[in-house]
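Chains A and B, in that order, are what the protein sequence lines are.
Counted from 1, the first sequence has number 147 at position 34 by my numbering; the numbering is strictly sequential.
Counted from 1, the second sequence has number 261 at position 112 by my numbering; the numbering is strictly sequential.
Every residue gets a Cβ at the ideal spot worked out from N, C-alpha and C, and that includes glycine.
As the structure is a computational prediction, the values presented were derived from the model and not from experiment.
The structure under discussion appears below in the form of structure tokens.
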Amino acid sequence: DQQVKQNSPSLSVQEGRISILNCDYTNSMFDYFLWYKKYPAEGPTFLISISSIKDKNEDGRFTVFLNKSAKHLSLHIVPSQPGDSAVYFCAASAAEYGNKLVFGAGTILRVKS
Amino acid sequence: DVKVTQSSRYLVKRTGEKVFLECVQDMDHENMFWYRQDPGLGLRLIYFSYDVKMKEKGDIPEGYSVSREKKERFSLILESASTNQTSMYLCASSPTRAVNYGYTFGSGTRLTVV
């Protein structure tokens, strides 16, 4: 049973526009959420995170929004750049479970120039 | 920078072989993890370790074992490789389980079992 779901396998966006990647979770114990970015033949790299006590966190072009009541988070990239083309993984953890990360299936983002 | 190094980028092994995947981290992290990444399935946890000589099963441990004899090294062992173990294997580490600092990943090992 997938506790973290990324329902869009892929997303295609024009350079300069906004990219919105979505993630849903089922476990209400999750208290920390992260986004990782992965290029082919490389390991995932940390992008941005948010604690469950917040509803928004911003870092440059990247903003993560958390809606706890809907158990939903989203990553906004503005403006999108061709170098953002990668696989994006949503991950969640709970202090209750030793902060072990549970990952979604990933969304492939393609930014067209 | 924390570095997580996986010994091989690409491996090709035969069915039935015993396979060792090595991972070393250089920042004295307590926790180490092994994941496999498959299209449409994301990253699935195979085994993890919170301390030397300690190991715990993740979500898909069948067909795998691990060894952590030293804090910096975490080895994944495929006892008898099978074609359904063809995958990208990712090692990760984190400082402690007490606070969520996220993970640092290695570059991955693409294993093909023929």
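Remark: fewer than three beta-carbon pairs, one from each stretch, lie closer than 8 Å, so the stretch 162-181 of chain B and the stretch 194-203 of chain A are not flagged as touching.
Here E171/B has S156, S224 as same chain residues with Cβ atoms under 6 Å from its own Cβ, once five neighbours each way along the sequence are excluded. E128/A carries a coil assignment under DSSP once its states are collapsed to helix, strand and coil. Judged by pairs of C-beta atoms under 8 Å, the stretch 218-235 of chain B touches the stretch 162-170 of chain B, as three or more such pairs exist.
Here the alpha carbon of T235/B sits roughly 14 Å from the alpha carbon of L192/B. With respect to chain A, the C-beta atom of S224/B has no partner C-beta closer than 8 Å.
Rounded to the nearest whole angstrom, the C-alpha separation of F178/A and L188/A is 7 Å.
For the options E179/B, S231/B, K206/B, the alpha carbon positioned closest to that of Y250/B is the one of E179/B. Put simply, the backbone Cα of E221/B is about 10 Å away from that of T154/B. Inclusion of S123/A and I221/A in the CB contact set at 8 Å is warranted, their separation being smaller than that value.
Distance from E155/A to V224/A at the Cβ level is roughly 17 Å; contact not present, criterion being Cβ atoms closer than 8 Å. Counting only runs of at least 3 residues, the stretch 210-262 of chain B fully encloses the following beta strand (DSSP E) elements, listed from N- to C-terminal order: 213-219, 222-227, 236-243, 258-262. G156/A sits in coil when the DSSP states are folded into three classes, being neither helix nor strand.
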